[in-house]
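Residue numbers (this note's numbering), protein chains in the order written: chain A, 46 to 219; chain B, 382 to 852; chain C, 967 to 1246.
Built from N, CA and C at the ideal position, the CB exists for glycine as well.
None of these values were measured; they are calculated from a predicted model.
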C-alpha cells in the first residue's frame, strides 16, 4: 500500500495549535499525534505538552564533559611524568592546581563539541529538507506534516481544510 | 502598558522583520566602502610594522629590561575583555530569560568572536620568536618535549582556543534558523552558501526542541567558560610575584573589567547599527536603556573592586605593593591613573540619568570614554608594575614606540574590518528571535487585557502588572 | 606505559621544593659576595662579557635599557637622612641568583628554563620563544632579552676571533642570563671524570670570581661541606631553603644575607653586608 506525505500550512501558531490539540484528542480519524511533525518559523516551548517527545542532548553533553575531564587529567599527568627535564621552580612534577585549571578548560571544550555534534545528529540536520518544504515556513506560516495511507488521504485532507488550512502540499512516498 | 516601556513593537509583521533585516545586508553604499578602505589601510599599517618588527627584533617596540611586556599585552587583555560581553551577556541573559537580549545579542556575539580573533594576534606578535609559536601546543614530539603546563601562558592558549571555538559555535548554532531564512530568500551563490550554513534546517518540532536544549546547554557552558577565560588571563599577572600583579582580587577584577568594556562596546556598536541600518524599531531606546543600566551596574562593581584592591594593598603594608600604589597615583604614570579613574568610575554616572540614557549622541560619546578608560586600565596594570618592581636599580618609565602603536592601531582596523564583513554577510539582528519576542509580547498583552477586563469587572481600578519588561 | 609510570612513581612526582623536589641534587653551586671587598671596578662584568659572548649594544641602546650585562654592578648612593651624613656610593654586583625555587621557571610556556640537578636555572636558548614572562617574574630583573640581533654589530672583524667557542652566540628573540659559567662547570666535570676523581673545590671558578681583583666573589658547591663557599655560608649562618626570620643581628660578625630573601625564592648567592663607620 503506498503512503502519502502531507504538509498542511497554517497562518501562524494560533491557528495550528487547536488542530494539534484536536489531533491528539483523536479528532482526525486514523492519525496519531506521534506521526505528526510540526514545522514553525519560531520555537514554541508549549508544543511539547502536546507532542510529548524527549530530548537526549544532555546525555551526550554529560559524556563529553566527563570524558574531557578524565582525559584531561591523564593526558596532562602522563605528559608531565614523561617529561622530567622540565622547569621546577620549587613545584612538583605533577602539580594539581595547574592541572585542575586545564582540566576545567578541557571539560568545557569536550562538553561543547559533543553537544554540537549530538545536536547535528539528534536534530536530523545535514539532510535534505524534502520537496514538500515551503519557503513560507521561514517567514510566518506554520505547518503540520504527517504520513498517511492512501485510503485515508482524502479524509485527512478534508479534515485539514475544515481546520482553516491555507494550503495543503502532498507527495507520494516511495 | 505604554509604548514607552515596551522593548519592541509587538505588531511588527513577521514578513517585515525578515525584509528589514535582510535589507541591512543589501549591497553596501559609499560610506561603507570608505570605512572599509580606511580599515584596510589601518591593517596595512600594522602589517608593515609587524614585518619590520619581525625582521629587526623586539627592540623596535622600545622594550627594555624592566619593561619586558608593554602595550601588546595590555591590548591583548583589552580585546579579550571586549570579547566577554557578547557571549557572556548573551548566555546569562538567555538563561535568565531576559527577552530584551534578543534583538541585540547577534552582533554582540559576533563582536565576541571578532575581538577574540583580534586578541589572538597579540600574544603572537609579542613573541620574540613567533616562528616557534607552535611549541606552546601540547603535541606529541619525538623528542618527548611538552609545553610547560604550569605556565599561565599555556593556560591562556588552552582557554582562548576553547573560548574561541565555543563562542564561534554559539554564534553559528544560534544563526542556523536565520541561515534558513536567508537561504529561502536569497538567490544565486548566496543561496547556496546560506544553504550550507543552514545545515538543512526546516524548523520541525524535533529540530526546535533539540535546538533549544543545545542552545541552553551551550549557554550553561559558556558562562563558567567566559569567567574562567578572563580569570586565566588575569593569572598571567596574578600568578607572578610582582607587586601590583600578585593580587588576589585580580580574577574578579578582570572579569568585571571585561564585562564593563564589552558592554561599552555593545553600546557603541548598538548606536552605530541603529543609525546606519535604520534599525530604530529593533534596537529600541528601551533596550538601550537596559544595556545602559547593566553597564552602570558593572561599572560600579568594577569601581568597587578597584577600591578593594587599593584598600587591601594599603592595609597589607607590603612595602613593594604600597610603594607601587603610591607611585601609581603620584608618579610618572599618575595622569593615566587618574584618567582611568575618571573614565571608569566617574563617567559612567552619566548612565544614571534617564534623559542622557535616551540621548544617543551622548551615549555614543560616553561609551567611547568608557572604552578609553578600560584601555588605559589595562595599560595601568601592565606598565607601572614593570616600571617600579622590587629592584630599584631597574626602575624605568616607558611609553612604547611608533611600531607598537601602529600595531595597536591596526588591531582596531582589523576588528572593524571583520565586523564590516559580518554585517553584510550575516544578519546582525536575529530574525527568528525577534519574531519570538513579538509573538510572546503580543500574547502576554492579550492575556493582560483579558485579566484587566475580568478584574475591572470585579474590582474597579485594578491595573495589570507591566508584562515583558525583561529581567 | 606512561600510565604505569604515573601510578608507580606518583608520590615522587608530587614532591615539591619543601621536601627537596623531584631531583636529587648532585651539586648546588653557590656564591658568596663580600661587599666589604667590592670596590665597584666592574672587572667581573667585563670578564663576563668576554667569557659569555655577551652582545655589545652601544651607547644608545644601553641608555634605552637594552644592555646585555649578565652581571651588572648596581650603584646606589646613600643619601643623608638627617641623622647620618651622606655615605657616598655603594655597589652590589647583581647577577642571576640561581634560585632554588625560581619564579622564572614555572611561568615559561615552553619549558625553556628549568632547574638542573646542579641547582642551576638553565636557559635553553634553542627552546626559547621569547614570551619574556620569565624576566617579568624575576624580582632581581637579571634576565636579559635579545631585543635586536646584537651579534651583527658586536664583534666587527677581527674582534669575532675573541668569541668563546664553548658557548653559542645568541640571535634576536631569545632570553639569556647568567649561567654561573656553565661551560666551565661542564669542562671541569668532564676533566674530573677523565681523571677518575671527584670534582674538587676550586677546580674552577666562574669568570667573575676569577677576575675580581679583591677576591670579593667566592664560588663553589654548597653540597661539599669543605668548600670555601660552604664555610662562608656556615660562618655567617645563612642557610638554604625557605626564608626564616631567625636572624641574630646583634652579632656584628654575621653579615650574610640573600637579596629579596623574604620572597622565598631561595637565592644561591649570599651577600655579605658592607660595614663602615657612620662618620665618613
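Check	Outcome
As assigned by DSSP and simplified to three states, the class of residue 776 of chain B	coil
Complete beta strand (DSSP E) runs within the stretch 681–753 of chain B (minimum length 3 residues, chain order)	none
Whole-number beta carbon distance between residue 641 of chain B and residue 680 of chain B, since they are thought to touch under 8 Å	6 Å
Among C:1018, C:1164, C:1177 and C:1190, nearest to residue 1008 of chain C - alpha-carbon criterion	C:1177
Residue 866 of chain B to residue 1069 of chain C span [Cα, whole Å]	It is not possible to answer for residue 866 of chain B, since the shown part of chain B is limited to 382 through 852.
Buried or exposed by the 16-neighbour rule on C-beta atoms within 10 Å, applied to residue 1125 of chain C	exposed
Proximal residues of chain B, C-beta to C-beta of residue 1074 of chain C below 7 Å	529 and 532
Spatial neighbours of residue 1097 of chain C in its chain, beta-carbon cut-off 7 Å, leaving aside the 5 residues before and after	1075
Interface positions of the stretch 790–823 of chain B facing chain A (Cβ-Cβ less than 7 Å), listed along the chain	813, 816, 817 and 820
Backbone CA spacing between residue 524 of chain B and residue 811 of chain B [nearest angstrom]	50 Å
Below-8 Å beta-carbon distance, residue 1077 of chain C vs any chain B residue	yes
The stretch 501–522 of chain B: positions lying closer than 7 Å to chain A by Cβ	519
CB contact check: residue 767 of chain B to chain C, cutoff 8 Å	yes
Any chain B beta carbon closer than 8 Å to residue 1095 of chain C	yes
Anticipated Cβ contact below 8 Å, residue 161 of chain A with residue 48 of chain A, distance rounded	About 34 Å separates the two Cβ atoms, so there is no contact after all.
Residue span of the beta strand (DSSP E) that contains residue 148 of chain A, given as start and end	Looking at the DSSP string, residue 148 of chain A is not in any beta strand (DSSP E); the run it does join, the alpha helix (DSSP H), is 141–167.
Close beta carbons around residue 212 of chain A, own chain, < 7 Å, minus the five adjacent residues each side	54
Cα-Cα separation between residue 1033 of chain C and residue 753 of chain B, rounded to whole angstroms	34 Å
For residue 401 of chain B, the first and last residue of its enclosing alpha helix (DSSP H)	395–404
Buried versus exposed call for residue 1054 of chain C [16 or more other C-beta atoms within 10 Å across all chains shown]	exposed
Test: residue 388 of chain B CB closer than 8 Å to a CB of chain A	no
Near-chain B residues of the stretch 95–116 of chain A - C-beta to any C-beta below 7 Å	96, 98, 100, 102, 103 and 106
Contact belief for residue 1103 of chain C with residue 622 of chain B at Cβ below 8 Å, rounded distance in angstroms	6 Å
Sheet register partners of residue 1041 of chain C (DSSP bridge)	C:1057
Proximity of residue 1120 of chain C and residue 1022 of chain C at Cβ, strictly below 8 Å	yes
Cross-chain neighbours of residue 1206 of chain C in chain A, by beta carbon under 9 Å	Within 9 Å Cβ-Cβ: nothing; residue 1206 of chain C doesn't reach chain A, min ~12 Å.
Per-residue burial, residue 193 of chain A [other beta carbons within 10 Å of its own, 16 or more giving buried]	buried
Assumed close pair residue 1113 of chain C, residue 440 of chain B - CB separation to whole angstroms, cut-off 8 Å	3 Å
Residue 72 of chain A versus residue 86 of chain A: straight-line alpha-carbon distance, rounded	25 Å
Pair within 8 Å by beta-carbon distance, residue 483 of chain B and residue 818 of chain B	yes
Minimum Cβ-Cβ distance from residue 145 of chain A to chain C less than 8 Å	no
C-alpha gap between residue 1013 of chain C and residue 417 of chain B, whole angstroms	57 Å
Contacting residues, own chain, Cβ-Cβ under 6 Å from residue 763 of chain B (five flanking each side not counted)	450, 454 and 455
Contained alpha helix (DSSP H) runs [length at least 4] in the stretch 491–533 of chain B, N- to C-terminal order	502–506
Listed by chain order, chain B residues near residue 1040 of chain C by CB distance under 9 Å	772, 773, 774 and 775
Outcome for residue 1037 of chain C when other beta-carbon atoms lying within 10 angstroms are tallied against a minimum of 16	buried
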